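Data block below; observations after.
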Amino acid sequence: MKSLQQIAQSVVVLGLAVAFHGLAMAGDGATDISSYRWINVRPTVPFDPTMWAPRAGLQALELRNELYVMGGRGPFSFETATTLYGDVWKSTDVGATWQRVAQWEPGQAASGMWSPRAYFGAVTHRGRMFVIGGQNFETRPNPIFPDGCASLPPGVPCLPFLPDSVFFDEVWSSKDGATWTAETLDAPWEGRAGLSAVVHKGAIYVLGGSQGDDASTGGTGRVLFNDVWMSRDGRTWTKIVGTGPRWSPRAGAAVVSKDGYLYVLGGERGFSCGFDATSPCQPATATLYFNDVWRSRDGARWEQVTAAAGWSPRPGHQCVVLVNQIVCFGGYGEVPGVPPVPANPTDIWASRDGRTWTELSSPASPPWNGASPADMRYDFDALVFSGGRAGLPPSIMTFGGDRERFGLPEEVNAFLLENDVWQFGP
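Given below as structure tokens:
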């Protein structure tokens with residue numbers, strides 16, 4: 073396994089010959105990424121004070137050749153509040169080492185720093201980083217068990233708390249990750265999590281997402297969106313109203329901007345089971361996940377590129393544009409049943425147009441050099457990075473993520489979140 077230092081030394085010694093090693097051209101003129109490899113830049117270390125904590129629902133950005141990781145959640149819990157993060161960490165050496173540059177403190181929410189949240193959106197635009205929406209996973213006592221389950225005998229299922237999340241319609245921005253400005257605390261779009269955010273043709277776009285805690289975990293139920301909003305500055309937003317067909321309401325979709333088009337890829341409209349044995353499961357026939365692909369030049373008029381891409385339906389995945397190809401990988405998957413069997417996808421796919429997909433084989437697959445579905449993750453973040461001190465050619469960088477599974481004890485799931493950093497490149 074290569075270290076980041078070895079990568080940097082190789083680039084220094086061999087210069088451009090190494091920087092573009094593996095960038096062979098395929099027959100259609102696209103770069104052949106089938107020989108790209110996964111390199112662990114920094115492994116998961118759960119209790120490292122010099123590193124951001126393991127988490128899911130986080131966001132990662134690149135600004136001026138520096139990497140930033142922010143927000144997210146710790147393990148889900150139904151006995152105590154889920155740990156949420158309102159922090160920002162910066163790396164100047166392509167993810168090898170990290171420094172915390174901002175931390176939310178009580179009382180800061182109205183000025184200076186956004187409050188802890190997960191499943192928000194984040195983009196870089198005009199030299200600034202933007203944090204958009206999200207939820208905070210607040211809880212309330214379960215009225216069915218006013219004593220917090222103390223009167224129940226051991227082993228009897230009990231939910232002492234019910235989810236009562238706040239869904240944010242805020243937008244914050246920063247030029248350095250340390251000092252944040254509230255662009256708006258009341259955007260015209262409804263507060264939401266699982267939204268998709270992207271910069272397209274010089275503007276910030278927000279697409280889809282959901283509001284409300286899932287009913288299978290004791291929440292009031294979710295409302296899903298398929299609206300599109302656009303802003304040039306993060307402060308003033310315009311709803312894009314179109315006619316004709318459009319992708320169905322969903323959360324957890326991947327969105328990219330490529331060749332003048334916005335692409336919406338996959339996502340979900342519900343979850344199959346809660347994390348507790350008493351939570352109901354959806355029928356095995358329920359179609360809860362998507363693998364369709366839609367595109368639009370302006371966010372108003374949409375065309376369905378394919379109703380079913382080569383990759384399986386999934387949420388929690390990532391798609392990025394690497395050397396003129398849309399690359400999709402990761403996400404949550406399962407074998408239908410009641411309860412379903414987790415089977416996170418182990419594949420990685422590439423497409424130039426969103427219609428025709430090619431599954432990559434070894435060494436590009438499986439992602440993260442995993443050996444089985446249990447090694448795959450969802451609700452991580454990914455971006456394309458090039459340059460930096462090591463002079464890296466265009467590569468995908470991934471950050472953190474989740475391998476929690478329905479039905480596992482909380483003390484087991486607590487160690488199934490990641491705070492590692494990986495590079496996928498030549």
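Numbering of the sequence shown is given in this note's numbering, commencing with residue 73 and proceeding in unit increments.
Beta carbons are placed, not taken as given, at the ideal position from N, Cα and C, and that holds for glycine.
Predicted model, so just to flag it, every value in this text is computed and none were measured.
- Runs of the beta strand (DSSP E) lying entirely within the segment 354-404 and spanning at least 3 residues, in chain order: 361-368, 375-378, 389-394, 397-402.
- In terms of Cβ geometry, tryptophan 383 and tryptophan 421 form a close pair [threshold 7 Å].
- With a threshold of 16 other beta carbon atoms within 10 Å, valine 313 falls short and is exposed.
- By the C-beta density criterion, proline 213 is exposed, having fewer than 16 other C-beta atoms within 10 angstroms.
- Each residue's CA atom was taken as its position, placing aspartate 285 and tryptophan 124 some 26 Å apart.
- In this structure, the straight-line span from the alpha carbon of glycine 342 to that of leucine 360 is close to 5 Å.
- When DSSP states are grouped into helix, strand and coil, valine 238 belongs to the coil group.
- Looking only at Pro225, Arg318, Thr253, the smallest Cα-Cα distance to aspartate 305 is reached by Thr253.
- Within the same chain, Cβ atoms closer than 6 Å to the Cβ of threonine 256 are found at Val243, Arg307, the five residues on either side in sequence being excluded.
- By the Cβ-count criterion, glutamate 177 is exposed, with fewer than 16 other Cβ atoms from all chains shown falling within 10 Å of its own Cβ.
- Collapsing the DSSP output to three states places threonine 116 in coil.
- Contact between proline 445 and proline 414 is confirmed by a C-beta separation of about 7 Å, below the 8 Å threshold.
- Taken through DSSP and simplified to helix, strand or coil, proline 178 comes out as coil.
- Judged by their CB atoms, arginine 189 and glycine 143 are nearer to each other than the 7 Å cut-off.
- Residue environment for lysine 162: buried (at least 16 other C-beta atoms within 10 angstroms of its C-beta).
- Selection Asp159, Gly472, Glu406, Ser223 evaluated against arginine 114 yields Gly472 as nearest (Cα-Cα).
- Three or more beta-carbon pairs separated by less than 8 Å are not found between the segment 457-467 and the segment 475-487, which leaves the two stretches without contact.
- Cα atoms of alanine 269 and tryptophan 309: separation of roughly 13 Å, rounded to the nearest angstrom.
- Here alanine 132 is near aspartate 453, since their CB atoms are less than 7 Å apart.
- With a threshold of 16 other beta carbon atoms within 10 Å, lysine 330 meets it and is buried.
- The closest CA to that of tyrosine 335, considering only Asn491, Cys400, Ser187, Arg477, is found on Cys400.
- The alpha-carbon of threonine 154 is positioned some 42 Å away from that of aspartate 104.
- If the five residues before and after valine 392 are omitted, its C-beta is found closer than 8 Å to the C-beta atoms of Val328, Ile398, Val399, Ala454, Leu455, Val456, Ile468, all from its own chain and listed in chain order.
- Of Gly426, Leu234, Phe209, Thr251, the smallest CA-CA separation from serine 288 is found for Leu234.
- Residues Ser282, Pro321, Arg322, Ala323, Arg341 of the same chain have their beta carbon placed closer than 7 Å to that of leucine 296, with the five preceding and five following residues left out of the count.
- In the structure shown, the three-state DSSP call for proline 414 is strand.
- Sequence-distant Cβ neighbours of tyrosine 333 in its own chain, meaning closer than 7 Å and more than five residues away, are Arg367, Ser368, Arg369.
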